[in-house]
DNA sequence: GTGCGGATCTGAATCGATTCACATTCCGGA
DNA sequence: TCCGGAATGTGAATCGATTCAGATCCGCAC
């Protein structure tokens, strides 16, 4: 293997006829160096196109200026924004990000955390695969002295900083909006019940019903597994069984499944069924009808997550923080008021089903 | 700052009553160690929860097992798949990925490459901000001995491996499909003309027209800057000026803009206007109508890109490779045949405009 | 001319893992 | 019993930057 060696600090030193320490001082600026030598050093740096070896620096300083970021799956349209936010914040503070996908599998998460630990990252931003049960692998990393911030999904049982979104309030506000529009038969397609995020959104749904004095009926609840296919299947079932006049999905990809189901059943939104969803991906405004949705501050989740993490790195003994970001309801065409004629029609039809 | 030091190889050695070298040999498996000592070492490793310091390892071995990945913007739905592919391939070969966004800005790209260089990544996967003009910052990195693979956008003027998509053929096939469906007035919304990707797709459009003996009219070409807003504006213009019966967009986010424009102008696809687009994001099947699209093998772009890069890292003197991946045309509802009545109607209208 | 303080610089130790020259052990065969 | 050589271990040098104790230099006051 042919290696083109990069210049080292010693070569720069030799060329500038100074010691390595002086080169270091010039570049770091920590200790003043005479103008004469400084110029010599800078010229040598330029001539050799010297780029300090950050690996050696990390070893000596015992900090890598690297942060780990573990998300479920970057392919899920919710995460890119968050990753982008995290990256921007990290870059701003001269840190770099190592991003991993866990696919929400705990065994993989365990491996990833182990890899990050061996790489000596200074801290980890974690969207935990599971938030309950055996969290020992996370605990271990913390005990090894690597700060962790739980993003999007809180880890109540661990002493970690958490940055989450108010899922309950977001879902509640949205379902309340549906109720306000006259809907009484509202279906919900949820995510995997073992995920608190999914449970919280269901909780918001229930609270909205309760607040309006409406009864809760489990037949209107389906698990779409947070996936498009699941949303599709769940929608087919709901529409052919309990006939809701509105469907609320707990994330956006499932909403796509719902739209596909409507398509196939030759139903139209909002005429036949109102649709609203958690998440507000770019396509929400492009689909027909445009989707009423609960926008999460996903960019902020990443950006602030990194800021909390950096703060923790510098103040390891700071009090544990747990911040909850608000969602924003974006009302669009998919929940526009229906005509009373249509409403009547559906009432009639569903009574027959 | 309170530091919880992690165990070092020396501590493991002391606890197992062996030398550091022996611990290293046990863990790497390169040199055989007697069963007796091996067990002692492994037990010490377990007791101390030893995780080798990869930073020290990198310094000594002069390889970090890190790859850099520079994309335009992870927020663009085309990239997550690619990043995921790259990450999977990297992880499989025990490499990690450092992902950056350049926003297609050359100054930023320069900084990112410099950062990657100082970090001593073993190689870089680059979606270049520009493919022509001053590419010296890229050239420098290569001269420093860091292999680069240009993904998605070729760098013809540099001696780098390239992995791209056949944009010309993909666009041509798609436009040919529109022609086959009877369209004669076909608008195209392109990306920034300084990007070869955009130029190639336009080239494919032109070739399709030429192959069918249709004249090329610049009035049917608009620049949508690869952004939703641009696609929206361009569509409004096209539809109110030259009245195409079909619109082809050079990327998917612009197609979203087109759909929004149709929405606002109260036009319907495919009844009034057929729509087809380059890129095949998840929402292509969810929007109404489902979008005919040119699917890029974006996951493969990342996966194979990393494999080419790793191959280059191990064989620096290998002949330069330049691989072109094929696209796949996915025909969906947005280009379904129109009735002749409709066609007539439009001919009439456009003649008036 | 001498001495002294401050400003600059140098040189060596250090971070933690790898590796290689060398030391030690152990075994069979003579 | 002794030797050769294979098998197994040890210890020190090394990677490249940082940092700090100590060396050197300079000007100035006495």
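Protein chains in written order, with the numbering used here: chain R, 23 to 375; chain C, 23 to 375. Glycine included, every Cβ here is placed at the ideal spot set by N, Cα and C.
Straight-line Cα distance separating residue j from residue i
i                     : j                     : result
residue 369 (chain C) : residue 321 (chain R) : Note on residue 369 (chain C): pLDDT 39, under 50, position unreliable in the model; no value is reported.
residue 371 (chain C) : residue 296 (chain C) : Low local confidence applies: a pLDDT of 41 at residue 371 (chain C) is under 50, so the model's placement there is unreliable, and no value is given.
residue 215 (chain C) : residue 116 (chain C) : 39 Å
residue 61 (chain R)  : residue 351 (chain R) : 58 Å
residue 134 (chain R) : residue 185 (chain C) : 28 Å
residue 222 (chain R) : residue 195 (chain R) : 13 Å
residue 83 (chain C)  : residue 77 (chain C)  : 10 Å
residue 329 (chain R) : residue 238 (chain C) : 53 Å
residue 282 (chain R) : residue 242 (chain R) : 19 Å
residue 260 (chain R) : residue 253 (chain C) : 36 Å
residue 333 (chain C) : residue 170 (chain C) : 11 Å
residue 46 (chain C)  : residue 31 (chain C)  : 8 Å
residue 307 (chain C) : residue 44 (chain C)  : 58 Å
residue 64 (chain R)  : residue 91 (chain C)  : 30 Å
residue 336 (chain C) : residue 240 (chain R) : 59 Å
residue 271 (chain C) : residue 131 (chain C) : 27 Å
residue 233 (chain R) : residue 257 (chain R) : 25 Å
residue 48 (chain C)  : residue 73 (chain C)  : 14 Å
residue 178 (chain R) : residue 156 (chain R) : 13 Å
residue 199 (chain R) : residue 219 (chain C) : 44 Å
residue 285 (chain R) : residue 311 (chain C) : 9 Å
residue 338 (chain R) : residue 81 (chain R)  : 21 Å
residue 343 (chain C) : residue 85 (chain C)  : 23 Å
residue 202 (chain C) : residue 319 (chain R) : 45 Å
residue 51 (chain R)  : residue 113 (chain R) : 21 Å
residue 359 (chain R) : residue 197 (chain R) : 14 Å
residue 255 (chain C) : residue 298 (chain C) : 17 Å
residue 345 (chain C) : residue 89 (chain R)  : 34 Å
Beta-carbon proximity of residue i to residue j, cut-off 9 Å
i                     : j                     : result
residue 246 (chain R) : residue 349 (chain R) : no
residue 127 (chain R) : residue 151 (chain R) : yes
residue 153 (chain C) : residue 176 (chain C) : yes
residue 106 (chain C) : residue 327 (chain C) : no
residue 173 (chain C) : residue 143 (chain C) : no
residue 266 (chain R) : residue 207 (chain R) : yes
residue 301 (chain C) : residue 268 (chain C) : no
residue 163 (chain C) : residue 121 (chain C) : no
residue 123 (chain R) : residue 97 (chain R)  : yes
residue 278 (chain R) : residue 248 (chain R) : no
residue 147 (chain R) : residue 331 (chain R) : yes
residue 213 (chain R) : residue 276 (chain R) : yes
residue 187 (chain R) : residue 160 (chain R) : no
residue 67 (chain C)  : residue 40 (chain C)  : no
residue 137 (chain R) : residue 119 (chain R) : no
residue 37 (chain C)  : residue 69 (chain C)  : yes
Cβ separation of residue i and residue j, assumed to be a contact under 8 Å, to the nearest whole Å
i                     : j                     : result
residue 226 (chain R) : residue 190 (chain R) : 4 Å
residue 356 (chain C) : residue 313 (chain C) : 5 Å
residue 145 (chain R) : residue 28 (chain C)  : Going by Cβ atoms, the distance from residue 145 (chain R) to residue 28 (chain C) rounds to 14 Å, so no, they are not a contact pair.
residue 309 (chain R) : residue 305 (chain C) : 7 Å
residue 280 (chain R) : residue 211 (chain R) : 7 Å
residue 99 (chain C)  : residue 303 (chain C) : 4 Å
residue 129 (chain C) : residue 95 (chain C)  : About 15 Å; that fails the 8 Å criterion.
Practice prompt. Quick one: which residues of the region 239-251 of chain R get their C-beta closer than 8 Å to a C-beta of chain C? List them in chain order.
Written response: 250
Item to complete: With a floor of 4 residues, list each alpha helix (DSSP H) that falls wholly inside the region 85-151 of chain R, ordered by position along the chain.
Response: 101-114, 128-140
Worksheet item: Between the region 154-181 of chain R and chain C, which residues of the former have CB atoms less than 8 Å from a CB of the latter, in chain order?
Response: 162, 165, 166, 167
Discussion item. Using a Cβ-Cβ cutoff of 7 Å, what residues of the region 75-90 of chain R are near chain C? List them in chain order.
Written reply: 75, 76, 77, 78, 80, 81, 86
Worksheet entry | Secondary structure, beta strand (DSSP E): runs of 3+ residues fully inside the region 202-266 of chain C | 208-212, 243-245
Discussion item. Under 9 Å, CB to CB, which of the residues in the region 335-350 of chain C have a partner in chain R?
Written reply: 335, 336, 337, 338, 339
Discussion item. Suppose only complete runs of 3+ residues qualify. What are the beta strand (DSSP E) ranges in the region 280-353 of chain C, listed by chain order?
Written reply: 296-300, 314-317, 344-347, 350-352
Discussion item. Residues of the region 308-330 of chain C in Cβ contact with chain R at a cutoff of 9 Å, in chain order, please.
Written reply: 308, 309, 310, 311, 312, 321
Worksheet entry | Near-chain R residues of the region 119-137 of chain C (beta-carbon distance less than 8 Å), N- to C-terminal order | 119, 120, 121, 122, 123, 136, 137
Practice prompt. With 7 Å as the C-beta to C-beta threshold (strictly closer), list the residues of the region 276-305 of chain R near chain C in chain order.
Written response: 278, 281, 282, 285, 304, 305
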